[in-house]
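For reference, the structure discussed in these notes is given below.
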Amino acid sequence: MPKDTGKKVIARNRKARHDYHIEDTWEAGLVLTGTEVKSLREGRASLTDGFALIFQNEAWLENVYIPEYLQGTWTNHSARRRRKLLLHREEILKISQKVKESGRTLVPLELYFDGSRVKVEIALAKGKREWDKRQALREAQDKREAERAMKSKQFM
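For my numbering, add 25 to where a residue sits in the sequence shown, where the first one is 1.
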C-alpha cells in the first residue's frame, strides 16, 4: 500500500496573522501520544490560545487544544498538556536568541500531517498595536475595492 504523501492541514491559527507581525517561521515535529494522533486524524484541534517557549534548551508547545479521543480509555491524554517540539539544537538556539529580544513571542500558525507525521509551523512574531490592526484592515479593504473597480472597468 503506498504511503500517504502531501500536506493535510488539521488546524490554522488565523487570528495570529491579525494580532502579530510574523517575522520568521519554522517547521517542527511534535511528540504525541497515540490517542492524540487519532484525535488529530479526525481533524479536531485548536491553535487559537497556543504559544511556544524555550525551556532548558528544549522547545515546548503550550495551551494547544487537542480534544480527548472519544474511543480512548484510561490511556487518553489531557486536552491542553505541554507538548515537546522537535527541532535541531542550532534552530532552538537561534530561536531563543531572537525571542529574548523585547516584544517577541513564538506562536503556532498551522498544524498539519506531512505524510504520516504531525508537524506544526511556528512563527517568531511581534505583537501589533490596535492602530496597526485597524490600518491593516483598512489596507485590505482598499485593495478589495480597487480590485472590484478594475474588474468592473474591464467588463465595460
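C-beta: ideal position from N, C-alpha, C; glycine also.
Restricting to Cα atoms, I'd like to know which of the options is closest to residue i.
| i | options | result |
| --- | --- | --- |
| Ala104 | Ala70, Lys151, Glu146 and Ala174 | Ala70 |
| Val56 | Arg107, Gln160, Ala150 and Met175 | Arg107 |
| Ala36 | Ser121, Glu83, Gln179 and Val145 | Val145 |
| Glu83 | Thr58, Arg114 and Tyr137 | Arg114 |
| Ala53 | Gly68, Val143, Glu67 and Lys63 | Val143 |
| Gln81 | Ala174, Lys63, Tyr90 and Lys109 | Lys109 |
Where does residue i sit, in a helix, a strand or coil, going by DSSP?
| i | result |
| --- | --- |
| Arg39 | helix |
| Trp85 | strand |
| Trp51 | strand |
| Thr130 | strand |
| Gly59 | helix |
| Glu170 | helix |
| Arg159 | helix |
| Asp74 | coil |
| Glu67 | coil |
Below 7 Å CB to CB, which residues in the same chain sit around residue i once its five sequence neighbours on both sides are set aside?
| i | result |
| --- | --- |
| Glu116 | Trp51 |
| Ile79 | Ile117, Ile120, Ser121 and Val124 |
| Tyr189 | The shown model of the chain, from 26 to 181, leaves out residue 189, and the question about it has no answer. |
Less than 8 Å between C-beta atoms, sequence neighbours within five positions excluded: which residues of the same chain meet that for residue i?
| i | result |
| --- | --- |
| Thr60 | Glu93, Tyr94, Gly97, Thr100, Asn101 and His102 |
| Ser127 | none |
Any C-beta of chain B sitting closer than 8 Å to the C-beta of residue i?
| i | result |
| --- | --- |
| Lys151 | In the displayed structure, chain B is absent; only one protein chain is listed. |
What are the boundary residues of the alpha helix (DSSP H) that residue i is part of?
| i | result |
| --- | --- |
| Lys119 | Arg114 to Val124 |
Can you name the start and end residues of the beta strand (DSSP E) that residue i belongs to?
| i | result |
| --- | --- |
| Arg142 | Arg142 to Gly152 |
| Ala104 | Note, Ala104: premise wrong, no beta strand (DSSP E); not H, not E. |
| Leu110 | Arg108 to Leu111 |
| Leu95 | It is not in any beta strand (DSSP E) - Leu95 carries neither H nor E in the DSSP assignment. |
Hey, is the segment 128-144 in contact with the segment 36-49, meaning 3+ C-beta pairs nearer than 8 Å?
yes
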